[in-house]
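*Asks:* This structure is in structure tokens; I'll ask about it shortly.
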Amino acid sequence: GGTCTASLVSERVIVTAAHCISENGRIMADGLFRTGENLPGGERTARVIDFLLDPQWNEQRFSDGNELDGTDWALLRLDRPLGAELGHLGVLDLDRASRRERQGRLWQAGYSWDTGTNLSGNTDCRILQFYRDNTMSHDCDTTRGDSGSPFMMRDGDDWRVVATDSNFRSND
């Protein structure tokens, strides 16, 4: 019943947050992925036909808000290779990235609740801290609707996803 942001990371795979497809203990991964409508030729759509979640994903633990963890991600397979036509982001594993890469500029883009159907973004953010639970804190300004949106870094001429937006809260 809600909307989240997702990003193409291969020809047929998008990444988003697990809580975007999980409700009342059920996985509802039968949705429709829509691209931005301002593309030449208009928006593109594809149906989700399969999914992969972290085996440790626990919607109840996430919903309680007491314990945030790095399991709030989902890979969704599409019925059409939209990434072949439109291109897609790469992925950068920050666990294996160099110290210089981990301290680089962070960018985020999503469909926030307060911007309607317009993509909004944050440029020149930073990763502030890494946590043992596979999460990070950052200084990007995110809100509802940004869930599942990519945090990206430049890698030469390419963009790489380093994380997805899961939950927002103010940290000391």
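Using the working numbering, the first residue of the sequence shown is number 1148, and each one after it goes up by one.
Glycine residues also receive a C-beta, built at the ideal position from the N, C-alpha and C atoms.
Predicted, not measured: the structure shown is a model, and the values here were computed from it.
Quick one: using the 10 Å Cβ neighbour count with 16 as the cut-off for buried, is Tyr1278 buried or exposed?
*Replies:* One-based indexing of the sequence shown puts residue 1278 at position 131. It is exposed - the Cβ of Tyr1278 has fewer than 16 other Cβ atoms within 10 Å.
*Asks:* Excluding five sequence neighbours on each side, which residues of the same chain lie with their C-beta closer than 8 angstroms to the C-beta of Phe1180?
*Replies:* Locating residue 1180 in the sequence shown gives position 33, counting from the first residue. Within the same chain, Phe1180 has close Cβ partners Ala1153, Ile1161, Thr1192, Ala1193, Arg1194, Val1195, Leu1223, Leu1225, Leu1229.
*Asks:* Under the rule that 16 or more other beta-carbon atoms within 10 Å means buried, what is Met1300, buried or exposed?
*Replies:* Position 153 of the sequence shown, counted from the start, is the residue given in the question as residue 1300. Met1300 is buried by the Cβ-count criterion.
*Asks:* Does Gln1255 come out as helix, strand or coil in the three-state DSSP assignment?
*Replies:* As a position in the sequence shown, residue 1255 is number 108, starting the count at 1. In the structure shown, Gln1255 sits in a strand (DSSP, three-state: E or B).
*Asks:* Where does Trp1220 fall in DSSP's three states?
*Replies:* To locate residue 1220, count along the sequence shown from 1; it is residue 73. Coil at Trp1220, not helix or strand.
*Asks:* Could you pull out every residue in the same chain whose Cβ sits closer than 8 angstroms to the Cβ of Gly1234, ignoring the five residues on either side in sequence?
*Replies:* Residue 1234 sits at position 87 when you count from the first residue of the sequence shown. Hits under 8 angstroms: Leu1155.
*Asks:* Pick out whichever of Glu1190, Phe1209, Arg1159, Asn1185 has its Cα sitting closest to the Cα of Ile1168.
*Replies:* Residue 1168 sits at position 21 when you count from the first residue of the sequence shown. Answer by Cα proximity: Phe1209.
*Asks:* When the Cα of Pro1202 is compared with those of Thr1290, Ile1174, Asp1293, which residue comes out closest?
*Replies:* Here residue 1202 corresponds to residue number 55 of the sequence shown, with the count starting at 1. Ranking the options by Cα distance to Pro1202, first place goes to Ile1174.
*Asks:* Give the secondary structure of Ile1274 by DSSP, where H, G and I count as helix, E and B as strand, and everything else as coil.
*Replies:* Position 127 of the sequence shown holds residue 1274. Ile1274: strand per DSSP, three-state reduction.
*Asks:* Under 7 angstroms, do Val1309 and Leu1239 count as touching if we go by C-beta distance?
*Replies:* As a first step, residue 1309 must be located in the sequence shown, where it is residue number 162. As a first step, residue 1239 must be located in the sequence shown, where it is residue number 92. Their beta carbons are under 7 angstroms apart, which means Val1309 touches Leu1239 by this criterion.
*Asks:* Nearest-angstrom Cα distance between Phe1198 and Ser1284?
*Replies:* The sequence position of residue 1198 within the sequence shown is 51, counting from 1. The sequence position of residue 1284 within the sequence shown is 137, counting from 1. Approximately 26 angstroms between the Cα atoms of the pair.
*Asks:* Between the Cα of Cys1287 and those of Thr1311, Arg1159, Asp1302, spot the shortest distance and give me the residue it belongs to.
*Replies:* The residue given as residue 1287 occupies position 140 in the sequence shown. If we check each option's Cα against that of Cys1287, Thr1311 comes out closest.
*Asks:* What residue from Gly1172, Arg1159, Gly1303 has the CA that sits closest to Gly1251's CA?
*Replies:* Reading the sequence shown from its first residue, position 104 is the one you call residue 1251. Nearest of Gly1172, Arg1159, Gly1303 to Gly1251, Cα basis: Gly1303.
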